[in-house]
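Trainee: Protein chains in written order, with UniProt numbering: chain A, 1 to 211; chain B, 1 to 211; chain C, 1 to 61; chain D, 1 to 247; chain E, 1 to 228; chain F, 1 to 228. Built from N, CA and C at the ideal position, the CB exists for glycine as well. Please read all numbers here as calculations on a predicted model, not as lab measurements. Structure provided below as structure tokens; questions to follow.
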Amino acid sequence: MLNSGLEVKQLYTDRDDRVLFSDLSFQLNAGQLLQIAGPNGSGKTSLLRILAGLSSRYSGEVLWQGKSLQKNRHDYLQQLLYIGHGAGIKAVLSPLENLRWSCALRGAENSDVVLLDALNKVGLRGFEEQPCFSLSAGQQRRVNLARLFCIPAQLWILDEPFTAIDQGGVCEIEQWLSEFVSGGGSVLLTTHHKLSVSQDFSVIALGASNV
Amino acid sequence: MLNSGLEVKQLYTDRDDRVLFSDLSFQLNAGQLLQIAGPNGSGKTSLLRILAGLSSRYSGEVLWQGKSLQKNRHDYLQQLLYIGHGAGIKAVLSPLENLRWSCALRGAENSDVVLLDALNKVGLRGFEEQPCFSLSAGQQRRVNLARLFCIPAQLWILDEPFTAIDQGGVCEIEQWLSEFVSGGGSVLLTTHHKLSVSQDFSVIALGASNV
Amino acid sequence: MYFNSVSELFSMSGHGSYVWFSYGVSALVLATLVIIARRRRAAAEQHIRALVRRKDATTSN
Amino acid sequence: MSSTFHKWGSPRWFYQFSGRLLPWLAILSLLLLVGGAVWGLAFVPADYKQGNSFRIMYIHVPAAAVAMGAYMTMATAGAIHLIWRMKLAAMVMKAIAPIGASLTFLSLLTGAVWGKPTWGTWWVWDARITSVLILFFLYLGVIALHQAFENRDAAAKACAVLAIVGAVNIPIIYWSVEWWYSLHQPASISFTGESTIHPSMLRPLMATLCGMYLFFGWLLLLYTRIEILEREKNTRWVQDLICGESR
Amino acid sequence: MSEPKLLKLVIAVLHRDIVASLRRGSEWSNPLVFFVMVCALFPLGIGPQPDRLADLAPGILWVVALLASLLATDSLFRGDFDDATLEQMLLTHQSLYPQVLAKTLAHWLVTGLPLSLLSPMLGLLLHLPGEGTVPLMLSLVLGTSVLSFIGAIGAALTVGLRKGGLLLSLIVLPLYIPVLIFGSSAVKAAIEGAAYLPQLAMLGVFFLGALAFAPLAICGALRISVDQ
Amino acid sequence: MSEPKLLKLVIAVLHRDIVASLRRGSEWSNPLVFFVMVCALFPLGIGPQPDRLADLAPGILWVVALLASLLATDSLFRGDFDDATLEQMLLTHQSLYPQVLAKTLAHWLVTGLPLSLLSPMLGLLLHLPGEGTVPLMLSLVLGTSVLSFIGAIGAALTVGLRKGGLLLSLIVLPLYIPVLIFGSSAVKAAIEGAAYLPQLAMLGVFFLGALAFAPLAICGALRISVDQ
Ligand code: HEM
Ligand SMILES: Nc1ncnc2c1ncn2[C@@H]1O[C@H](COP(=O)(O)OP(=O)(O)OP(=O)(O)O)[C@@H](O)[C@H]1O
Ligand SMILES: Nc1ncnc2c1ncn2[C@@H]1O[C@H](COP(=O)(O)OP(=O)(O)OP(=O)(O)O)[C@@H](O)[C@H]1O
Ligand SMILES: [Mg+2]
Ligand SMILES: [Mg+2]
Chain A
1 MLNSGLEVKQ LYTDRDDRVL FSDLSFQLNA GQLLQIAGPN GSGKTSLLRI
51 LAGLSSRYSG EVLWQGKSLQ KNRHDYLQQL LYIGHGAGIK AVLSPLENLR
101 WSCALRGAEN SDVVLLDALN KVGLRGFEEQ PCFSLSAGQQ RRVNLARLFC
151 IPAQLWILDE PFTAIDQGGV CEIEQWLSEF VSGGGSVLLT THHKLSVSQD
201 FSVIALGASN V
Chain B
1 MLNSGLEVKQ LYTDRDDRVL FSDLSFQLNA GQLLQIAGPN GSGKTSLLRI
51 LAGLSSRYSG EVLWQGKSLQ KNRHDYLQQL LYIGHGAGIK AVLSPLENLR
101 WSCALRGAEN SDVVLLDALN KVGLRGFEEQ PCFSLSAGQQ RRVNLARLFC
151 IPAQLWILDE PFTAIDQGGV CEIEQWLSEF VSGGGSVLLT THHKLSVSQD
201 FSVIALGASN V
Chain C
1 MYFNSVSELF SMSGHGSYVW FSYGVSALVL ATLVIIARRR RAAAEQHIRA
51 LVRRKDATTS N
Chain D
1 MSSTFHKWGS PRWFYQFSGR LLPWLAILSL LLLVGGAVWG LAFVPADYKQ
51 GNSFRIMYIH VPAAAVAMGA YMTMATAGAI HLIWRMKLAA MVMKAIAPIG
101 ASLTFLSLLT GAVWGKPTWG TWWVWDARIT SVLILFFLYL GVIALHQAFE
151 NRDAAAKACA VLAIVGAVNI PIIYWSVEWW YSLHQPASIS FTGESTIHPS
201 MLRPLMATLC GMYLFFGWLL LLYTRIEILE REKNTRWVQD LICGESR
Chain E
1 MSEPKLLKLV IAVLHRDIVA SLRRGSEWSN PLVFFVMVCA LFPLGIGPQP
51 DRLADLAPGI LWVVALLASL LATDSLFRGD FDDATLEQML LTHQSLYPQV
101 LAKTLAHWLV TGLPLSLLSP MLGLLLHLPG EGTVPLMLSL VLGTSVLSFI
151 GAIGAALTVG LRKGGLLLSL IVLPLYIPVL IFGSSAVKAA IEGAAYLPQL
201 AMLGVFFLGA LAFAPLAICG ALRISVDQ
Chain F
1 MSEPKLLKLV IAVLHRDIVA SLRRGSEWSN PLVFFVMVCA LFPLGIGPQP
51 DRLADLAPGI LWVVALLASL LATDSLFRGD FDDATLEQML LTHQSLYPQV
101 LAKTLAHWLV TGLPLSLLSP MLGLLLHLPG EGTVPLMLSL VLGTSVLSFI
151 GAIGAALTVG LRKGGLLLSL IVLPLYIPVL IFGSSAVKAA IEGAAYLPQL
201 AMLGVFFLGA LAFAPLAICG ALRISVDQ
């Protein structure tokens, strides 16, 4: 398939002369979910940042729909939703205000009803107007995850989305992932949990010798 | 048992007029492990901070060996090891330097051999001298957990110790917990993982209605 | 030579200390730049030699 | 054009080419510097106004002039690095910063020492002096920024941005300081105008000036070559070069 | 990209930054408090003689305003970097340029502008002659906006660094100097009864130059800072 | 608690803080750079006339040193709070007092002391008469240590606040004023040929007072800041 989604060819990265991965190649098409596994410090976050276009510390090729990321950046970013390790929210703003800003950045014209609905889905009903710093660790993470529901995208890149989320929440998120993938989206994620989604998915394990 | 370890009587706390828990009573003796469960935002962290003596936003009683925390503070702190949500390490210092400082704070006179051994146990061999900011999320968490091995204590209070830790790491930590409890220590922890230790342990679930 | 004697050259009718200090410091700074370059070069070479030795050792095993 | 550019951009080619240039630069620059200094110190007649202290000029003026030229070279290298992603330019940029800062420091120091006998004070807020002080700060900024980065590539790019911004500002700074000084102009102090410099005093100056330029070029090559070795330490040609082909 | 979309983006960024600053409080109040207090310190340090103070007032007021602006600059991108919202700004197909412009503008609105508006009061405190008041305000309004742009470049370059936080001042202060010179001399000229429009015009030129070119440098610097 | 244990604690905290500061670089170099650059800004703001500068030098030098010290203060407990190592400091059976003392001392060693040592050079830049040099250095050595203690109280009170960081300068600057007055007047007295030892003695008294009482306030403030 020439016009595939994300394609990675012979990716190589090192840190302080330690090779994190080399000759890494894979392909992620519409309707697929791919988990990057590996112990702490194996380079999962580094890989995801490269694929999101945040890091240029690599050699090799990353293609989106057959064209290299650099050339196709505008299209790629229009389709990408990246949620990293970081908080991703401003602590003094309320969840609603945070979402409004995130949507405006992406040019997604959502009414507040949509945003409130998204916050409701991630279980933050009643906390919409409270400043985020007064939320618990898991609740803050949920605000960040609410972006999944209000920003249209083709490809989700998620770095440990389950961090600090309770068990009920993990199940829900897994369901969202399933639904998104069934609807033709692609998901690339790292997690230390045992993922249970209704689809088949592949796992790429990064070097196990580091820790 | 009058001279028990940690005893909590009718604890009550609220935040912004929302009751987090009320009439909470339990007891934690030597050789016991207690998990605080509950969905995001149910007040687990708040409870742990109260029990560690970091927060005084409560009414009710907290006793250590039959005496109230305020009166018995010096003894209590000598026995307590608390690992919270926060990083707990200085990013510009190396793991080894961080541990040295932590030990000095507690008056634990450990030689570097002991510290290196602790770092080895948490899987950081080879990273002892690197500044912590160049470590991955899980590796940083492991530096913080290494304190378990070099600071003598009777009671561990751990707030989501498994965050960002890979699966192998989680098993190892569970084993440490088991060993510590078998050796007569007490553990109070929160986690969203399904805990599997060789001992029996009790679970206290905080309000499920909040999220 | 413009000056009548070496001692006159050194004293420069009172301004000698300023002049000689300037030239002295300048010579020192310029020489230091060269010396630092040589040191760094030696260190770099040593580093590369160690690197090669380590590589040779691992490939021969 | 593009092929020569490519060749120039290749660290390996540069290393070999500069190797041939080095001895010539070293000999010529030292000859000119030492010769000019001896000439200026011992053989030129004293200035009728300043006496012998003017002899500081033969080191002061070259240091100041080369320091300014060095900053512009650094900024140009930075621009080349950003636009054409030429690695060699980044190395040149990094090499220039400490040399330029040292020369600026020298010109400040020798100027101050010159000021004491002529003006009776170590320091005045003259336009040109102030500008050189600011130039010194600009150099320190580039060096500090470079040191603050862990990652070499990011450091090079960030320094390139800063050097360019600084270079755009230098004319503005010079011109505004000049204008500022013309507002105040304490009449008691003035530079020896160029017209009063006797041609016989000028010739050694030309010698040390050329010598300083060549010396700068020599140092630049030395530091860039070290930079090349450090960055390309994992390549075959560097390892062969240092350890001999017969390993 | 269509015009209204760009405008919406700018407004969203402006709105968010201003609300966050106002809610945090420190961002707008710190430079103000600093400005007032340091101006009040000077009479204590150098003596209270009114004519001497009047003579020095333009210089002192401008230097202190510049420092206040410098101190505020560090937080421009720091918060966004720390909570990883800067990543979001980089990871959108919409251009970074308007976002950066909006952020700098928001920063100026909560720091430079209030400071300029407050300056006449501090002129009084330092016995600034009455003719200097209006030029002081005008030159500060124009000048602090230029300072914000220049400072933003430095902030963007240093935001990713763990060592070297206020390395910012080393980078930025030399670049501030032309603004200081023309700003303070506008006030002085006005006091001496000379024309001060030339200086203001010069500040205007600086402003236009900064408006055109600084955002480019800022965008580049931000990308470098995130990619380490 | 035995004596050597306390000493060990103090040394461990000192060592860690100094190493961290030196490694970060910014912590010791920023105040210095700031000091030098701002001193260089003043002539540009108020004019280059040597006699005028000489007249103002003691005041300017002291105000700028005070500002540099103020700026450095904010980071005293901020880093420890953010990375939750402050919790560790509170959660030990060993007393907080020696830890706080060591932290403040470390802070002064990397900020106040270098600044004092550099001051003679800046005196040259501002045409400070030669008689003022030694009193300037002595008064700065004593004075900045007092400033560090006072600043630490403010830093401890404000470290936990997310909104309202305006407080630090507001709380701290008024307390700085006596130090500024005595410090700058010591230098002025020396220049005028008068005795400056009385002022230095006064600074010494301040120092002893701060040494005795400030750590208590700091400990209390830290406990309050963490418990929110
Ligand atoms: C710290 C103090 C000083 C600094 C930073 C300084 C800086 C400079 C600079 C930048 C130049 C221009 C070089 C060129 O463009 O070719 C220069 C030239 C010169 N300086 Fe200085 N200077 C200082 C003090 C002095 C003093 C005290 C004197 C003599 C009384 C002096 C005499 C000259 C002369 C004669 C020239 C060359 C002739 C000319 O271009 O006008 N300088 N200096
Ligand atoms: N500083 C604060 N101000 C106001 N409310 C707060 C503050 N800190 C926490 N809360 C509230 O207290 C509640 C409990 O927070 P806590 O951090 O104890 O939850 P938690 O059980 O640890 O959740 P998680 O599993 O997400 O870590 C949250 O709903 C939060 O809104
Ligand atoms: N800024 C940096 N400087 C130097 N090394 C770094 C830097 N960031 C990461 N590394 C190194 O790269 C390796 C991979 O880090 P990365 O964050 O990608 O791991 P990870 O697989 O995401 O781990 P985790 O499961 O703990 O999140 C780590 O061993 C770390 O030491
Ligand atoms: Mg990771
Ligand atoms: Mg929690």
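If contact means a Cβ-Cβ distance below 7 Å, which residues of the region 184 to 204 of chain F contact chain E?
Mentor: SER184
Trainee: Could you give the DSSP three-state label for GLU61(B): helix, strand or coil?
Mentor: Position 61 of the second sequence, counted from the start, is the residue given in the question as residue 61(B). Looking at GLU61(B) - three-state DSSP - the assignment turns out to be strand.
Trainee: Checking contacts by CB at 7 Å: is TYR223(D) closer than that to chain C?
Mentor: As a first step, residue 223(D) must be located in the fourth sequence, where it is residue number 223. Taking Cβ atoms only, chain C reaches closer than 7 Å to TYR223(D), which makes this a yes.
Trainee: Counting only Cβ pairs nearer than 9 Å, list the residues of chain D close to LEU125(F).
Mentor: The residue given as residue 125(F) occupies position 125 in the sixth sequence. Within 9 Å Cβ-Cβ: TRP122, TRP123, TRP125, LEU133.
Trainee: Should VAL6(C) go down as buried or exposed, given a rule of 16 or more other Cβ atoms within 10 Å for buried?
Mentor: As a first step, residue 6(C) is located in the third sequence; it is residue number 6 there, counting from the start. By the neighbour-count rule (16 or more Cβ atoms within 10 Å), VAL6(C) is not buried but exposed.
Trainee: Using the beta-carbon of each residue, which ones in chain E are nearer than 8 Å to GLU97(A)?
Mentor: On the first sequence, residue 97(A) is found 97 positions in, with the first residue counted as 1. Correct list: ARG16, VAL19.
Trainee: Could you say if the region 8 to 25 of chain F and the region 116 to 124 of chain F meet the contact criterion of at least three C-beta pairs nearer than 8 Å?
Mentor: no
Trainee: Just tell me which of LEU9(E), GLY154(E), VAL36(E) has its CA closest to the CA of SER169(F).
Mentor: Along the sixth sequence, read from residue 1 onward, the residue named residue 169(F) stands at position 169. Shortest Cα-Cα distance from SER169(F) to any of LEU9(E), GLY154(E), VAL36(E) involves VAL36(E).
Trainee: Identify the continuous alpha helix (DSSP H) that holds LYS103(E) and give its terminal residues.
Mentor: If you number the fifth sequence from 1, residue 103(E) lands on position 103. Its alpha helix (DSSP H) spans residues 96 to 110.
Trainee: Relative to the alpha-carbon of GLY184(A), which residue among ILE173(A), HIS193(A), GLN199(A) has its alpha-carbon at the smallest distance?
Mentor: Here residue 184(A) refers to the residue found at position 184 when the first sequence is read from its first residue. Closest by alpha carbon: GLN199(A).
Trainee: Contact between the region 49 to 58 of chain F and the region 166 to 176 of chain D is defined here as three or more beta-carbon pairs at a separation below 8 Å; is this criterion met?
Mentor: Short answer: they don't touch.
Trainee: To the nearest angstrom, how far is it from the Cα of ALA90(D) to the Cα of LEU162(D)?
Mentor: Locating residue 90(D) in the fourth sequence gives position 90, counting from the first residue. Locating residue 162(D) in the fourth sequence gives position 162, counting from the first residue. Going by the C-alpha atoms only, they are around 13 Å apart.
Trainee: Please compile the residues from chain C whose C-beta is within a distance smaller than 8 Å of the C-beta of ARG12(D).
Mentor: Counted from its first residue, the fourth sequence places residue 12(D) at position 12. The premise fails here: ARG12(D) is roughly 15 Å from chain C at the closest Cβ pair, so nothing lies under 8 Å.
Trainee: Between which two residues does the beta strand (DSSP E) containing TRP156(A) stretch?
Mentor: As a position in the first sequence, residue 156(A) is number 156, starting the count at 1. It spans 155 to 159 - the beta strand (DSSP E) in which TRP156(A) sits, taken as one unbroken run.
Trainee: At what residues does the alpha helix (DSSP H) containing GLN78(A) begin and finish?
Mentor: One-based indexing of the first sequence puts residue 78(A) at position 78. 73 to 79 is the extent of the alpha helix (DSSP H) around GLN78(A).
Trainee: Return no unless some Cβ of chain E is closer than 7 Å to the Cβ of TRP84(D).
Mentor: Position 84 of the fourth sequence, counted from the first residue, corresponds to residue 84(D). For TRP84(D), the answer is no, since every Cβ of chain E falls outside 7 Å of its Cβ.
Trainee: Run down chain F in chain order and give the residues with a C-beta less than 9 Å from the C-beta of PHE42(E).
Mentor: The count along the fifth sequence starts at 1 and reaches residue 42(E) at position 42. By Cβ distance, chain F contributes GLY59, ILE60, VAL63.
Trainee: Examine chain E for any beta-carbon lying closer than 7 Å to the beta-carbon of GLY112(F), and answer yes or no.
Mentor: Counting from 1 along the sixth sequence, the entry for residue 112(F) is found at position 112. By this cut-off, GLY112(F) is not an interface position.
Trainee: State the Cα-Cα distance for the pair ILE224(E) and ALA75(D), rounded to the nearest angstrom.
Mentor: Stepping through the fifth sequence from its first residue, residue 224(E) is reached at position 224. Stepping through the fourth sequence from its first residue, residue 75(D) is reached at position 75. Distance between the alpha carbons of ILE224(E) and ALA75(D) is about 18 Å.
Trainee: Report buried or exposed for ILE46(F), applying the criterion of at least 16 other Cβ atoms within 10 angstroms of its Cβ.
Mentor: One-based indexing of the sixth sequence puts residue 46(F) at position 46. Looking at its Cβ environment, which holds 16 or more other Cβ atoms inside 10 Å, ILE46(F) is buried.
Trainee: Could you check which residue in SER145(F), GLU131(F), ALA84(F), THR133(F) has the C-alpha nearest to that of ALA212(F)?
Mentor: On the sixth sequence, position 212 is the one that residue 212(F) refers to. For ALA212(F), the nearest C-alpha among the options comes from SER145(F).
Trainee: Do you know whose CA, among ALA221(F), ALA12(F), LEU125(F), VAL19(F), lies nearest PRO43(F)'s CA?
Mentor: Position 43 of the sixth sequence, counted from the start, is the residue given in the question as residue 43(F). Of ALA221(F), ALA12(F), LEU125(F), VAL19(F), the residue nearest in Cα terms is LEU125(F).
Trainee: Below 6 Å CB to CB, which residues in the same chain sit around MET201(D) once its five sequence neighbours on both sides are set aside?
Mentor: Numbered from its first residue, the fourth sequence carries residue 201(D) at position 201. Cβ neighbours of MET201(D) beyond the five flanking positions: VAL44.
Trainee: Write down the C-beta distance between PRO131(B) and LEU99(B) rounded to the nearest angstrom, noting that I regard them as a contact closer than 8 Å.
Mentor: As a working mapping, residue 131(B) is identified with position 131 in the second sequence. As a working mapping, residue 99(B) is identified with position 99 in the second sequence. Rounded, the Cβ-Cβ distance is 14 Å, inconsistent with contact.
Trainee: Quick one: residues in its chain with C-beta nearer than 7 Å to the C-beta of PRO207(E), no 5 flanking neighbours on either side, listed in chain order?
Mentor: Here the question's residue 207(E) lines up with position 207 in the fifth sequence. According to the sequence provided, residue 207(E) is Phe. The question's Pro does not apply to it. Closer than 7 Å at the Cβ level, and outside the excluded window around PHE207(E), lie LEU142, SER145, VAL146.
Trainee: Helix, strand or coil for SER25(B)? Go by DSSP, reduced to three states.
Mentor: As a working note, residue 25(B) is residue 25 in the second sequence. Assignment of SER25(B) by DSSP, reduced to helix, strand and coil, places it in the strand class.
Trainee: By the criterion of Cβ-Cβ separation under 7 Å, what are the contact partners of VAL226(F) in chain B?
Mentor: Taking the sixth sequence and counting its residues from 1, one reaches residue 226(F) at position 226. LEU54, listed in chain order.
Trainee: Under the criterion of a Cβ to heavy atom distance below 6 Å, does LYS44(B) qualify as lining ligand 5?
Mentor: Counted from its first residue, the second sequence places residue 44(B) at position 44. Answer for LYS44(B): yes, Cβ within range of ligand 5.
Trainee: Mind checking SER195(D): buried by the 16 CB within 10 Å criterion, or exposed?
Mentor: Within the fourth sequence, residue 195(D) is the residue found at index 195, counting from 1. Confidence at SER195(D) is low in this model, with a pLDDT of 45, below 50, so the placement of that residue should be treated as unreliable; the coordinate-derived value is given next. It counts as exposed.
Trainee: Assign ILE89(A) to one of three DSSP states: helix, strand, or coil.
Mentor: Start at 1 with the first residue of the first sequence, and residue 89(A) comes out as number 89. It is coil, neither helix nor strand.
Trainee: Could you give the distance in angstroms between the alpha-carbon of residue 250(D) and the alpha-carbon of ALA63(D)?
Mentor: Outside the shown range of chain D (1 to 247) lies residue 250(D), about which nothing can therefore be said.
Trainee: Can you tell me where the beta strand (DSSP E) with ALA118(A) in it begins and where it stops?
Mentor: The residue labelled residue 118(A) in the question sits at position 118 within the first sequence. Element bounds for ALA118(A): not the beta strand (DSSP E) but the alpha helix (DSSP H), 112 to 121.
Trainee: If you measure from the beta carbon of PRO48(F) to each beta carbon in chain D, is any gap under 7 Å?
Mentor: Taking the sixth sequence and counting its residues from 1, one reaches residue 48(F) at position 48. Chain D, which has a Cβ nearer than 7 Å to the Cβ of PRO48(F), makes this yes.
Trainee: For chain I, is any of its Cβ atoms less than 7 Å away from the one on PHE216(D)?
Mentor: Here the protein chains are A, B, C, D, E and F, and chain I is not one of them.
Trainee: Is GLY152(D) near ligand 3, in the sense that its beta carbon is under 6 Å from a heavy atom of that ligand?
Mentor: Here residue 152(D) corresponds to residue number 152 of the fourth sequence, with the count starting at 1. It is worth fixing the name first, because residue 152(D) is Arg in this sequence and not Gly. For ARG152(D), the distance from the CB to the nearest heavy atom of ligand 3 is not below 6 Å.
Trainee: State buried or exposed for VAL19(C), treating a residue as buried only when at least 16 other CB atoms are found within 10 Å of its CB.
Mentor: Stepping through the third sequence from its first residue, residue 19(C) is reached at position 19. Flag for VAL19(C) reads buried.
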